[in-house]
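Participant:
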Amino acid sequence: MIILKIGGSIITDKDSSVAKVDYNNLNRVCEEIKQSFMEENIHPQLEDGLVLVHGAGSFAHPPASKYKIGQAFSEEELPEKRIGFTETLVAGRKLDTYVCEALWKHDIPAVSLPPSSFITTTNKRITNCNLDLIKRYLELGFVPVLYGDVVLDTNEKFVVISGDQIIQNLASRMSFDRVVLGTDVDGVYDKNPKKHSDAKLIENVHSIDDITQIESTTNVDVTGGMVGKVKELLDLAYSGVSSEIVNANKPGIIAASLQNKKVKGTKISKK
15 MIILKIGGSI ITDKDSSVAK VDYNNLNRVC EEIKQSFMEE NIHPQLEDGL VLVHGAGSFA
75 HPPASKYKIG QAFSEEELPE KRIGFTETLV AGRKLDTYVC EALWKHDIPA VSLPPSSFIT
135 TTNKRITNCN LDLIKRYLEL GFVPVLYGDV VLDTNEKFVV ISGDQIIQNL ASRMSFDRVV
195 LGTDVDGVYD KNPKKHSDAK LIENVHSIDD ITQIESTTNV DVTGGMVGKV KELLDLAYSG
255 VSSEIVNANK PGIIAASLQN KKVKGTKISK K
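Right, here's the structure in full:
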């Protein structure tokens with residue numbers, strides 16, 4: 015089985031002041047997933063099942079940031095925080111509806127599983143996640159679709175959880191073979207490739223020491239940015255599941271990755 019993560023910067027205009035879907039990218043990615051499921055292309059790992067996780071992009075990040083969801087607050091602030099929680103939740107589900115609709119139009123049997131409905135956390139880390147729900151859909155041949163969301167937290171009342179933390183939790187507890195993360199850069203760099211022409215791609219990451227000196231390759235959002243992704247994936251690597259970060263902006267890369275072909279990117283694995 016494979017987990018595929020498509021970053022919010024791929025399927026939305028993440029820098030837009032209003033929520034905006036990048037339909038060109040979204041439809042292209044859906045087509046690449048569809049092609050990967052074709053009988054002549056399908057890899058045995060994909061044949062066993064696919065879970066898709068997507069980012070929030072220009073939909074849920076702005077309200078989460080505006081209301082500072084995940085930061086400590088007083089009882090007096092609770093009414094306003096509730097509004098922020100709801101606004102963030104609704105925004106995330108709107109984008110998820112667009113994603114699932116695009117998948118369905120490409121003959122992919124996607125089923126939306128909003129994390130807020132079956133995941134809770136303690137101190138911002140997942141402590142309860144109903145895997146039976148996901149397993150049942152996979153057994154029936156569906157493609158479960160999850161995303162970064164707002165959830166209830168035992169100590170913090172409610173917080174934002176990233177798609178990357180969801181991936182780490184699922185892959186460490188289920189029998190996944192690989193994780194593929196589609197971002198807007200070719201992988202992990204020693205410095206931001208969007209700002210530095212001499213940035214060097216780090217092709218392999220085996221420990222936290224490999225990333226301690228790197229800059230974040232994108233702006234750090236409410237879910238932690240690139241460094242946050244790598245830390246989650248390193249935890250996963252230590253449990254035996256490797257990951258690769260690739261550029262989903264480039265046509266054909268997602269299809270090639272799902273078919274287990276070698277592509278430019280960063281592999282995160284145990285040494």
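Each step along the sequence shown adds one to the number in our numbering, with nothing skipped, and position 198 is 212.
Backbone N, C-alpha and C fix where the C-beta goes; we use that ideal spot for every residue, glycine too.
#1: Work out the CA separation of MET188 and GLU115 for me, nearest whole Å.
#2: Pull the bridge partners of ASP167 from the DSSP assignment, please.
#3: Starting from the N-terminal side, write out each stretch of the alpha helix (DSSP H) that is 4 residues or longer and does not extend beyond the region 31-65.
#4: Nearest-angstrom Cα distance between ILE16 and ALA78?
#5: Please list, in chain order, all residues of the same chain as VAL234 whose beta carbon is under 7 Å from its beta carbon, the five residues on each side excluded.
#6: Alpha carbon to alpha carbon, how far is GLY69 from GLU90?
#7: Please list, in chain order, all residues of the same chain as THR136 whose beta carbon is under 7 Å from its beta carbon, the five residues on each side excluded.
#8: Looking at the ligand ZN, does it come within less than 8 Å of ILE175, judged from the CB to the closest heavy atom?
#9: With 16 other CB atoms within 10 Å as the buried threshold, where does VAL236 fall?
#10: Do PHE73 and VAL164 count as a contact pair if the criterion is CB distance below 9 Å?
#11: Going straight from the alpha carbon of LYS264 to that of PRO93, what length do you get?
#12: If you run the structure through DSSP and keep just helix, strand and coil, what is ILE83?
#13: Taking the Cβ atom as the reference point for each residue, do ILE47 and LEU117 lie within a distance shorter than 9 Å?
#14: Determine the closest residue to ILE83 out of VAL67, LEU64, LEU103 and LEU66, with distance taken between C-alpha atoms.
#15: Per the DSSP calculation, LEU160 is bridged to which residue(s)?
#16: Where does GLY177 sit, in a helix, a strand or coil, going by DSSP?
#17: Go ahead and label MET240 buried or exposed: buried means 16 or more other beta carbons lie within 10 angstroms of its beta carbon, across all protein chains shown.
#18: Looking at the unbroken beta strand (DSSP E) that takes in VAL193, where does it start and where does it end?
#19: According to DSSP, simplified to helix, strand and coil, what is ALA262?
#20: Check for me: the alpha helix (DSSP H) holding ILE268 runs from which residue to which?
#21: Along the beta strand (DSSP E) that carries ALA124, what are the first and last residues, could you check?
#22: Measuring only the C-alpha atoms, how far is LEU66 from PRO158?
Facilitator: The answer reads as follows:
#1: 27 Å
#2: THR135 and LYS171
#3: 37-50 and 58-61
#4: 29 Å
#5: In this prediction, VAL234 has a pLDDT of 44, which is less than 50 and means its spatial position is unreliable; what the coordinates show is noted afterwards. Hits under 7 Å: none found.
#6: 31 Å
#7: ASP167, THR168 and ASN169
#8: This structure does not include the ligand ZN; it has no bound ligands of any sort.
#9: Interpretation of VAL236 is limited by its pLDDT of 44, a score under 50 that renders its predicted location unreliable; the figure taken from the coordinates is listed afterwards. Classification for VAL236: buried.
#10: no
#11: 43 Å
#12: coil
#13: yes
#14: LEU103
#15: VAL67
#16: helix
#17: buried
#18: 192-197
#19: coil
#20: 267-272
#21: 124-126
#22: 6 Å
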